[in-house]
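In my numbering, the protein residues as written are 13 to 163.
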């Protein structure tokens, strides 16, 4: 008789717990090679000191960029930050000018508001005095005016 070994059948939950996920790495498709040629328009741009994406993607340009020293990039970064700093200083100066002008306007408005309050108060007092003088000239005294008796 043949003896068969019994192999335990794993449960589904056992396989999920012990299974190791495998990372699937997509294979990037290589970019088509860029010929070492540029269009006449790109050539004119380059002759006038400019650049284009086609010029920057040339293999020779990419190789030169890789070979530059890091100090060159640091100098560029310092120059860029210096420019940004001067730009921000100009912006701060501009806002300070606005602030100064607006504070001056606020002070002037407070002064004018005070003058208007004084003028209104003085006008109200003068009108009250004019009313009292009118009533006195017409023989209406304080007592008659308060009592409401007609003359």
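Glycine is no exception: its CB is placed at the ideal position from the N, C-alpha and C atoms.
Is the separation between the beta-carbon of residue i and that of residue j shorter than 8 Å?
i: residue 67; j: residue 54; result: yes
i: residue 57; j: residue 65; result: no
What would DSSP say about residue i, mapped onto helix, strand or coil?
i: residue 97; result: helix
i: residue 107; result: helix
i: residue 115; result: helix
i: residue 49; result: coil
i: residue 163; result: A caution first: residue 163 carries a pLDDT of 49, below 50, which makes its placement in the model unreliable, though a value can still be read off. In this structure, residue 163 counts as coil in the three-state DSSP scheme.
i: residue 66; result: helix
i: residue 154; result: helix
i: residue 122; result: helix
i: residue 148; result: helix
i: residue 133; result: helix
i: residue 13; result: Any reading at residue 13 is ruled out, since the residue's pLDDT is 49, under 50, leaving its predicted position unreliable.
i: residue 9; result: Any question about residue 9 goes unanswered here, given that the chain covers just 13 to 163.
i: residue 72; result: helix
i: residue 138; result: helix
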